[in-house]
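Engineer:
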Amino acid sequence: MVFLVLWLVDPVQALEQYTAQVIPAPSSAVALVLVGLGTLLLEQPFTVLRRGTLLLGAVTLIAMGGSVIAAELIRPGLHLPLDSFFVAATSSANVSQLPATAFNVAVFGLVLLLCAFGASWQRMLGQVFALLIVLNSVRDLALSGASLFWMHNDSPGGAPAMSLFFAAVTISLLRCFPPPQLLAGIRSTGSRLPAVWLLIFPAVIIPIVIELISRWEARVHAFGAGFETLLLIGLNIGLIWWFAESLADSEQLRMRADRARIESEQRLKLITDQMPAILWSTDLQLRITAIHGSVLNPLSIDPLPYLGRDVGAIVGDDESGRIAVRAHREAINGTSARYERNVGKRSFDVRVEPLRDLGNRIVGVVSLALDITERREMETAIQELNSILEQRVAERTRQLEAVNEELEAFCYSVSHDLRAPLRSIDGFSQALLEDYADHLDDEGRTHLQRVRNASQRMARLIDDLLALSRVTRSSLERRSVNLSTLAQSILDDLHRTEPQRQVHLTIQPDLWADVDGRLMTVALTNLLENAWKFTARQPLALISLTRTYADEGAIYHLSDNGAGFAMSSAQRLFQPFQRLHHERDFPGTGIGLATVKRVIARHGGQIWAVGAPDEGATFSFTLLPSVGRNTHLFVDHVEDIHGAESSSADR
Amino acid sequence: MEYQTILLVEDNPDDQVLTRRALHKNNLPNPLIVVNDGIEAIEYLSAIGKAGHSAHPPALILLDLQLPRMNGMEFLRHLRRQGPFPLIPVVVLTSSNEFSDLHECYRIGANSYVRKPVDYETFLATVHHLGLYWLLINHPPPLHP
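This is how it looks when you write it as structure tokens:
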């Protein structure tokens, strides 16, 4: 662009005689603009518009350079009227694109094409061509340098400015455009765009400055003959210094990058060494390009022979091999895949990911095979343990069931066979009393009556024991039960048996609880029968059922104002066959409260009693397992105060 | 008038005597046939069922559960399924008050379930009520459906 403007204005008449060498032909200026534009476009992410522009620019460059060269080849010295396209009134006839420049232009167009649209190897070819441009330009520069030195004006090469420009822009192209492999070492690691401009700047300015100064000297003769040489040497030194400086900068950047890369590689190595895994990568043809991992050694696998081999050949053609190859193919197509594979006795969890280059193109796959043998073994062990445990549970269950069946049979025969003789004893005693009353005196009749009483009491004992064992045998099925109505109906039944009794009931309404209805009926019946029985001597019996709440949940209280009991004997309250009162005062078998305690225990609850002789008793119970650490404190507390947590009888 | 017979299926001789005595004490003149187990009961009923037999089938069966050879429930099941007189009212008279027994007996077709009380006076009252209800109040099923 600069050159084009310079050409158009061309203000310095004195420079006319040098124009051919100093200022490029207009077509060259256009070419330079296209070259710069192409280089910039190559850096940007592609869009349709950019691709189109790039393609057009590259083709124009090729056509432009190619036509000039072709003309030169056909007849040397022939000037194509190419420049008149751009500047209508060409002042000097000898201004036209030099063949050397044309060569550079054409080849650069080719490089652009190859690098932008070519495959991997074509891009490499493009870089070779680019190197060619650089070499050509350096050669031209050397030639023009020599001609300057000898004060000749007819350099056989291109204009030095053009040569310098092409050398600079091509090097920047090589530096800024990521090559697949070639010249990877000279790639700039810093910001890429400024590098282009930095190189273009001296390429444009310096030749102009040199020419201006040398022309001024030619007119003024201020310094003498050696001046131009000195100037050139000075400028070259400056240029070299400047390049060295920027090279050092980029070298520093590169070293920093290298250090970061080495650090990251060391971290990766540590991870791969510590991790029970194998890492590998492949190219697009699924040939192994790298393989390492800490598991290789214990498996005595030498990674070297695998390099370059096809994944399919390594994993084999069986089902699991096919799965592995399929996973790699999926990764090549851009999807990560995962599969499990056994090698010898070891199991691996393999993850395959696409491997992408900086341009986000998939260039292969990278895979990580994690050794999960221990995990699998543990899982198997756990499964085995579980099945053993299940077997044991099933065995125990069978044993328990057998024991339970035995118990059932035992209880059944107790219920049936033990009662039969009692019936005979009672029945025949009665028969004696009826049929042989004449032969018996009063004492004989009393004895027979005692026999009958004893057998009936024995029958009650058997029934109560059966009820107690039934509480343990039957299964617990919790349902929402209204204890208030249940208690009321039990007390209604009791009232029917002794309608003459004056009993005042206080039952808190709607005492809903999640309990086994049948078992709870047994427990409440026993408790209420007790309350009913032990208040028999009170002119007005008071019986109440209430609920309170404490830390561990609901507590139910059944109180009466009956005969009560001494707290000192409270220990025995809930033990079977323990009685705290004489049979003649309050009849009973001593099994009822043991049954109650068992029902409460089946629900996971606790029962305790508070009382004093002739001052009534209060039975308190919970119906759910206590949760949390307060449980122990609470139970201890209860035992401390009442000493009645786990014992009782019919009193 | 010919009194309807009662069939007592009971292996315990004491109970046989006491039951007979209770019937007698309650002034129930019905003839009591006693068999010792389920098989004997089936044989008795089959004999009556044979053509030409003059005796009537029993109006009521008092059935104990715990019996040798064929127990009460097996007999009841057999009677209801393939007995000669499958509809005869059966009152289970037993010592057991197990839930499972109660449930099963009703399930297989017992008409009533009575637990034998140990107290003989209560037993007398029970037999009185049984006789009153099953022999007088209740309408028996037709013999030949």
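Residue numbers (our numbering), protein chains in the order written: chain A, 19 to 669; chain B, 388 to 532.
We put the beta carbon where it would ideally sit given N, CA and C, even for glycine.
In this text the structure is predicted, and so the values were computed from the model without any measurement.
Heavy atom of the ligand MN less than 7 Å from the Cβ of A/T71, yes or no?
Structural biologist: No copy of the ligand MN occurs in the structure displayed, which carries no ligand at all.
Engineer: Report the neighbours of A/H434 on chain B: residues whose CB is nearer than 8 Å to its CB, in chain order.
Structural biologist: Counting from one through the first sequence, the residue named residue 434 of chain A turns up at place 416. Within chain B, the residues near A/H434 are L452, Q453, T481, S482 and S483.
Engineer: Would B/D402 be called buried (16 or more neighbouring beta carbons within 10 Å of its own) or exposed?
Structural biologist: Along the second sequence, one-based indexing puts residue 402 of chain B at 15. Looking at its Cβ environment, which holds 16 or more other Cβ atoms inside 10 Å, B/D402 is buried.
Engineer: Any beta carbon from chain A within less than 8 Å of B/N417's own beta carbon?
Structural biologist: Position 30 of the second sequence, counted from the start, is the residue given in the question as residue 417 of chain B. No, its Cβ sits nowhere closer than 8 Å to a Cβ of chain A.
Engineer: In angstroms with no decimal places, state the Cα-to-Cα distance between B/I475 and B/H443.
Structural biologist: Taking the second sequence and counting its residues from 1, one reaches residue 475 of chain B at position 88. Taking the second sequence and counting its residues from 1, one reaches residue 443 of chain B at position 56. Each residue's alpha carbon lies about 12 Å from the other.
Engineer: I need the boundaries of the beta strand (DSSP E) containing A/G382, first residue and last residue.
Structural biologist: Taking the first sequence and counting its residues from 1, the one referred to as residue 382 of chain A is at position 364. Note, A/G382: beta strand (DSSP E), I380 to D389.
Engineer: Give a yes or no on whether the minimum CB-CB distance between A/G445 and chain B is below 8 Å.
Structural biologist: For the purposes of this step, residue 445 of chain A is identified with residue 427 of the first sequence, where counting begins at 1. So yes, A/G445 belongs to the interface.
Engineer: Taking a cut of 7 Å between CB atoms, which residues from the region 405-431 of chain B lie near chain A?
Structural biologist: L405 and R408
Engineer: Counting only C-beta atoms, is A/L440 closer than 8 Å to chain B at any point?
Structural biologist: Counted from its first residue, the first sequence places residue 440 of chain A at position 422. True, the Cβ-Cβ gap to chain B drops below 8 Å.
Engineer: Does DSSP put A/R555 in a helix, in a strand, or in coil?
Structural biologist: The residue you call residue 555 of chain A lines up with position 537 of the first sequence. In this structure, A/R555 counts as coil in the three-state DSSP scheme.
Engineer: Return helix, strand or coil for A/F245, following the three-state DSSP convention.
Structural biologist: Along the first sequence, read from residue 1 onward, the residue named residue 245 of chain A stands at position 227. Reduced to three states, the DSSP call for A/F245 is helix.
Engineer: Please report how far the alpha carbon of A/A427 lies from the alpha carbon of B/P400, in whole angstroms.
Structural biologist: The residue labelled residue 427 of chain A in the question sits at position 409 within the first sequence. The residue labelled residue 400 of chain B in the question sits at position 13 within the second sequence. The straight-line gap from Cα to Cα measures roughly 24 Å.
Engineer: Quick one, which of B/I524, B/I429, B/R468 and B/I448 has its alpha-carbon nearest B/Y500's?
Structural biologist: As a first step, residue 500 of chain B is located in the second sequence; it is residue number 113 there, counting from the start. Taking only the C-alpha atoms, the option nearest B/Y500 is B/I448.
Engineer: Using a cut-off of 7 Å between C-beta atoms, extract the partners of B/N399 located in chain A.
Structural biologist: Along the second sequence, read from residue 1 onward, the residue named residue 399 of chain B stands at position 12. Simply A438.
Engineer: The alpha helix (DSSP H) that contains B/H526, what's its start and end?
Structural biologist: Translated into the one-based positions of the second sequence, residue 526 of chain B becomes position 139. Careful: B/H526 lies outside any alpha helix (DSSP H) and carries neither H nor E.
Engineer: Does the structure place the region 400-413 of chain A close enough to the region 449-466 of chain A that three or more beta carbon pairs sit under 8 Å?
Structural biologist: Contact between the region 449-466 of chain A and the region 400-413 of chain A is absent, because fewer than three Cβ pairs lie under 8 Å.
Engineer: Looking at the structure shown, is B/E485 part of a helix, part of a strand, or coil, going by DSSP?
Structural biologist: Your numbering for residue 485 of chain B matches position 98 in the second sequence. If DSSP states are grouped into helix, strand and coil, B/E485 belongs with coil.
Engineer: Where does B/D398 sit, in a helix, a strand or coil, going by DSSP?
Structural biologist: Walking along the second sequence from the start, residue 398 of chain B turns up at place 11. In this structure, B/D398 counts as coil in the three-state DSSP scheme.
Engineer: Taking the continuous beta strand (DSSP E) assigned at A/R374, which residues delimit it?
Structural biologist: The residue you call residue 374 of chain A lines up with position 356 of the first sequence. Element bounds for A/R374: R364 to R374.
Engineer: So, is B/V396 buried or exposed, given that buried needs 16 or more other C-beta atoms within 10 angstroms?
Structural biologist: Along the second sequence, one-based indexing puts residue 396 of chain B at 9. By the 10 Å Cβ count, B/V396 comes out buried.
Engineer: Let's see if you can read the secondary structure: which residues bound the alpha helix (DSSP H) around A/L64?
Structural biologist: Walking along the first sequence from the start, residue 64 of chain A turns up at place 46. For the sequence presented, residue 64 of chain A should be read as Phe rather than Leu. No alpha helix (DSSP H) holds A/F64; DSSP gives it neither H nor E.
Engineer: Looking at chain B, is there any beta carbon in it that lies within less than 8 Å of the beta carbon of A/A667?
Structural biologist: By one-based count along the first sequence, residue 667 of chain A stands at place 649. Any reading at A/A667 is ruled out, since the residue's pLDDT is 40, under 50, leaving its predicted position unreliable.
Engineer: Is B/G518 close to chain A? Criterion is C-beta to C-beta, closer than 8 Å.
Structural biologist: For this step, residue 518 of chain B is matched to residue 131 along the second sequence. Cβ-Cβ to chain A under 8 Å: no for B/G518.
Engineer: Can you pull the chain B neighbours of A/Y430, defined as C-beta to C-beta under 9 Å?
Structural biologist: The sequence position of residue 430 of chain A within the first sequence is 412, counting from 1. Against chain B, the beta carbon of A/Y430 has neighbours under 9 Å at Q453, S483, E485, S487 and D488, listed in chain order.
Engineer: Would you mind reading off the limits of the alpha helix (DSSP H) that contains A/R491?
Structural biologist: One-based indexing of the first sequence puts residue 491 of chain A at position 473. Run containing A/R491: D460 to R491, per the alpha helix (DSSP H) assignment.
Engineer: If you drop the 5 nearest sequence neighbours on each side, which residues of the same chain put their C-beta closer than 8 Å to that of A/Q474?
Structural biologist: Counting from 1 along the first sequence, the entry for residue 474 of chain A is found at position 456. Once the five neighbours on either side are set aside, the close Cβ partners of A/Q474 are L440 and D444.
Engineer: What does A/Q448 touch in chain B if you count any residue whose Cβ is under 8 Å from its own?
Structural biologist: Here residue 448 of chain A corresponds to residue number 430 of the first sequence, with the count starting at 1. Those within 8 Å of A/Q448 in chain B are Y507 and E508.
Engineer: By the three-class DSSP mapping on this structure, what secondary structure does A/P174 have?
Structural biologist: Here residue 174 of chain A is taken as the residue at index 156 of the first sequence, counted from 1. Its pLDDT being 47, under 50, A/P174 is placed unreliably in this model, and the coordinates cannot settle the point.
Engineer: Could you tell me which uninterrupted beta strand (DSSP E) segments, each at least 3 residues in length, are contained entirely in the region 526-589 of chain A, listed from first to last along the chain?
Structural biologist: 530-534, 559-568 and 571-578
Engineer: Output the distance between the C-alpha atoms of A/L149 and A/T188, rounded to the nearest integer angstrom.
Structural biologist: As a first step, residue 149 of chain A must be located in the first sequence, where it is residue number 131. As a first step, residue 188 of chain A must be located in the first sequence, where it is residue number 170. If I take the Cα positions, the gap works out to 8 Å.
Engineer: Can you check which of these residues, A/S385, A/D528 and A/D532, is closest to A/I309 by C-alpha distance?
Structural biologist: Counting from one through the first sequence, the residue named residue 309 of chain A turns up at place 291. Among A/S385, A/D528 and A/D532, the Cα nearest to that of A/I309 belongs to A/S385.
Engineer: Which of the three DSSP states is assigned to A/L523 in this structure?
Structural biologist: As a working note, residue 523 of chain A is residue 505 in the first sequence. Correct three-state label for A/L523: strand.
Engineer: Once DSSP output is grouped into helix, strand and coil, what is the label at B/L517?
Structural biologist: Locating residue 517 of chain B in the second sequence gives position 130, where the first residue counts as 1. Three-state result, B/L517: helix.
Engineer: Output the distance between the C-alpha atoms of A/K715 and A/F604, rounded to the nearest integer angstrom.
Structural biologist: There is simply no residue 715 of chain A to check, as chain A begins at 19 and stops at 669 in what is shown.
Engineer: Leaving out five residues before and five after A/S312 in sequence, what residues of the same chain have Cβ atoms less than 8 Å from its Cβ?
Structural biologist: Position 294 of the first sequence holds residue 312 of chain A. Taken in chain order, the residues that qualify are T290, D291, Q292, M293, P294 and A295.
Engineer: Measure the Cβ-Cβ separation of A/R68 and A/L74 and say whether it is below 8 Å.
Structural biologist: Looking up residue 68 of chain A in the first sequence gives position 50. Looking up residue 74 of chain A in the first sequence gives position 56. Their beta carbons are not under 8 Å apart, which means A/R68 does not touch A/L74 by this criterion.
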